[in-house]
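S.K.: Note that my numbering has the sequence shown beginning at 86, numbered continuously upward.
A single structure is presented below for examination.
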Amino acid sequence: MSRIPKRPRALAITTLTAALLLTAIPADMVAASPIEPTAATLAGPGMVAGAQIAGAVGTAGHAIQASTPAPQPAAKVSAAAVVVAYARSHLRARYQSSAIGPKSFDCSGLMWRVFREAGLDSKVASQSARSIYLSYRARGLASRTDPQVGDLVVWGNGSHIGVYVGGGNAISALVTGVRVHRVRAMLSPFTAYLHTRLASLVKPAWELQVASHMRTLRHATRTVYLRAQASGASANVGTLRSGSRFVVLGKRYDGAGRLWLRAMTLTGRVGWVPARASTR
86 MSRIPKRPRA LAITTLTAAL LLTAIPADMV AASPIEPTAA TLAGPGMVAG AQIAGAVGTA
146 GHAIQASTPA PQPAAKVSAA AVVVAYARSH LRARYQSSAI GPKSFDCSGL MWRVFREAGL
206 DSKVASQSAR SIYLSYRARG LASRTDPQVG DLVVWGNGSH IGVYVGGGNA ISALVTGVRV
266 HRVRAMLSPF TAYLHTRLAS LVKPAWELQV ASHMRTLRHA TRTVYLRAQA SGASANVGTL
326 RSGSRFVVLG KRYDGAGRLW LRAMTLTGRV GWVPARASTR
């Protein structure tokens with residue numbers, strides 16, 4: 086009997102084994118087996134469906150570009166909400182002719198500061214209520230109807246100005262100080278709403294946090310690290326320079342009884358600083 090050469094014999098055994106395995110697998114499963122994975126099958130938990138594929142799996146000389154987590158878009162808020170929050174932060178401030186704050190205002194000085202604090206300088210380019218009114222009227226942006234939150238409100242043909250905060254109310258600097266009041270409850274007759282068009286503008290959400298906490302504004306008395314937690318042993322997440330301004334989002338005592346402040350800088354950076362390193 087002739088002997089089968091070693092190489093053909095191995096091939097014959099492999100072929101026979103494969104044939105036996107295929108007969109053990111249902112035909113529908115063989116037909117459904119994918120030849121190449123799709124982007125969807127490659128996207129696992131936390132991955133972006135539809136990730137870019139650089140090549141086919143199992144194909145020599147090709148590779149797959151790994152999927153990456155979807156970038157989270159920065160939270161946004163209405164620019165009008167930021168303006169109103171800054172205006173509210175000055176409630177009960179004193180009235181003083183020609184004053185632009187931060188502790189005393191006249192009506193146009195308040196609007197000038199509020200819109201600058203909100204980073205919307207171009208909306209109030211003058212410290213004269215009359216000039217602001219004439220500028221908006223010349224551009225066809227003054228009317229007696231359809232006020233939107235964040236619009237300016239003018240009385241007495243430009244003798245007084247405030248900001249509309251919704252519900253028929255405005256905030257302005259009266260002789261009794263900065264107050265919320267009804268638009269139609271002023272001694273000076275209502276003239277017009279000046280449409281600032283803030284409804285189409287958005288701001289980063291951290292700006293609203295800063296505006297909403299402006300009453301807690303502090304200054305760093307020395308350069309300190311911003312810490313991830315209320316502890317000097319916590320990781321350093323930034324530096325707060327001497328004289329820098331920040332608002333306080335929260336407070337906490339550490340294990341040694343020292344008070345820490347959760348600080349947000351006016352550029353949106355957040356961290357913990359020792360209370361003793363700041364002043365109002």
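All C-beta atoms in this analysis are idealised placements derived from N, C-alpha and C, irrespective of residue type, glycine included.
(1) Whole angstroms are fine: how far does the CA of Thr230 sit from the CA of Arg365?
(2) Heavy atom of the ligand MN less than 7 Å from the Cβ of Tyr221, yes or no?
(3) Contact check, Val295 vs Val162 under 8 Å by CB: the rounded distance?
(4) DSSP on Trp345, reduced to helix/strand/coil?
(5) To the nearest angstrom, how far is the alpha carbon of Leu344 from that of Leu302?
(6) Given Met271, which residues of its chain have a CB within under 8 Å of its CB, disregarding the five upstream and five downstream residues?
(7) State buried or exposed for Ile214, treating a residue as buried only when at least 16 other CB atoms are found within 10 Å of its CB.
(8) Is Leu259 helix, strand or coil by DSSP?
(9) Using only the alpha-carbon positions, how far apart do Tyr221 and Thr281 sit?
(10) Here's a check: name, in chain order, each residue in its chain whose Cβ is nearer than 8 Å to the Cβ of Arg337, leaving out the five neighbours to either side.
(11) Between Ala172 and Val248, is the Cβ-Cβ spacing less than 8 Å?
(12) Is it buried or exposed, Asp206, if we count other Cβ atoms within 10 angstroms and call 16 or more buried?
(13) For the region 303 to 360, which segments carrying the beta strand (DSSP E) assignment without a break, of at least 3 residues, lie completely within its bounds, in sequence order?
M.R.: Straight from the coordinates:
(1) 42 Å
(2) For the structure depicted, the ligand MN is absent and the ligand set is empty, with no information on it obtainable.
(3) The pair is not a contact, with the Cβ atoms about 11 Å apart (cut-off 8 Å).
(4) strand
(5) Answer to the nearest angstrom: the Cα atoms are 17 Å apart.
(6) Trp240, His245
(7) Note that residue 214 is Ala in the sequence shown, not Ile. Under this definition Ala214 is a buried residue.
(8) Assignment of Leu259 by DSSP, reduced to helix, strand and coil, places it in the strand class.
(9) Roughly 9 Å separates the two Cα atoms.
(10) Ala315, Leu344, Trp345, Arg347, Trp357
(11) Between Ala172 and Val248, the gap from beta carbon to beta carbon is short of 8 Å.
(12) exposed
(13) 303 to 305, 309 to 312, 321 to 325, 330 to 338, 344 to 350, 355 to 359
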